[in-house]
Amino acid sequence: MAKRKFTLSKQEEQELANAFLQNKDGPTRTRVQAVRMYGTSYPFEEIQRITGCSHTSLMEWCQTYRRQGVAHLKDKRVGGNRAKLTPKQRENLKYKLHQYTPAQVLGAQAATRDGQYWTVEDLHLAVKRWFAIEYGGRNSYTELLSQCGFSYQRPAKVFKSHNQSKIADFEEQVEKK
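Numbering (my numbering), first residue to last: 851 to 1027.
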């Protein structure tokens, strides 16, 4: 087995420990902790079990720390969904959601029977129709509803293929027997 070339001095270890304690961002703390553990001879399998990082990521973080210091271990990722609608489009969306019901906008495609309340599915269709934008996940639509002043509630299950008159006839026959 090859000997590790990456080791930390006591001063570097203390610097990383302080950065870990002072930082409140989860992904950044994970990076700092992983580099610190690797530099103090923890086995990679244990680092991976604790932090969930890949070997490649760990090696990149160690190189970044050596070349640029602890400040550059900061997580620089930016979520992709946040920028899909501009602030003006979000304001327009909020106005439209409060102005119209899903039934008025989507007609028979509304997720609920009466189409009076906005659901995640309704919002997905409306955003796609109004702005030609689709978000990657359901949580993004839930967040949009929240930002527009709506609270998330699960709608009742609706079977659109059911014929109400046939159901009434069936129930009537069951009662007669």
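Glycine included, every Cβ here is placed at the ideal spot set by N, Cα and C.
Between residue i and residue j, which are expected to be in contact by the criterion C-beta below 8 Å, what is the C-beta distance as a whole number of angstroms?
i	j	result
ALA960	ALA953	5 Å
VAL970	THR992	6 Å
ILE897	MET909	Contact flag wrong, Cβ pair sits at about 11 Å.
Could you have a look at residue i and say whether DSSP puts it in helix, strand or coil?
i	result
TRP911	helix
GLN966	coil
THR901	helix
GLY987	coil
SER1011	coil
LYS1027	coil
Measuring alpha carbon to alpha carbon, tell me which of the options ends up nearest residue i.
i	options	result
ARG917	ALA1018, THR951 and PHE856	PHE856
GLU862	TYR915, GLU895, GLU910 and LEU956	TYR915
ARG963	VAL977, GLN1014 and ASP925	GLN1014
ALA1036	HIS905, VAL1024, VAL920 and ASP925	The chain is shown only over 851 to 1027; residue 1036 falls outside these bounds and no answer can be derived.
Hey, how far is the Cα of residue i from the Cα of residue j?
i	j	result
ARG927	ASP875	12 Å
LYS1026	ASP1019	11 Å
THR878	GLY889	17 Å
ASN873	LEU923	11 Å
ALA976	LEU994	12 Å
Does the region 868 to 885 touch the region 893 to 913, meaning 3 or more C-beta pairs lie closer than 8 Å? With the cut-off at 8 Å, the region 893 to 913 and the region 868 to 885 touch.
Would you check if there are 3 or more beta carbon pairs closer than 8 Å linking the region 977 to 990 to the region 932 to 952? Taking 8 Å as the limit for Cβ pairs, the verdict is that the region 932 to 952 does touch the region 977 to 990.
Is there contact here, the region 935 to 951 with the region 991 to 1001, by at least three beta-carbon pairs under 8 Å? Verdict: yes, contact present.
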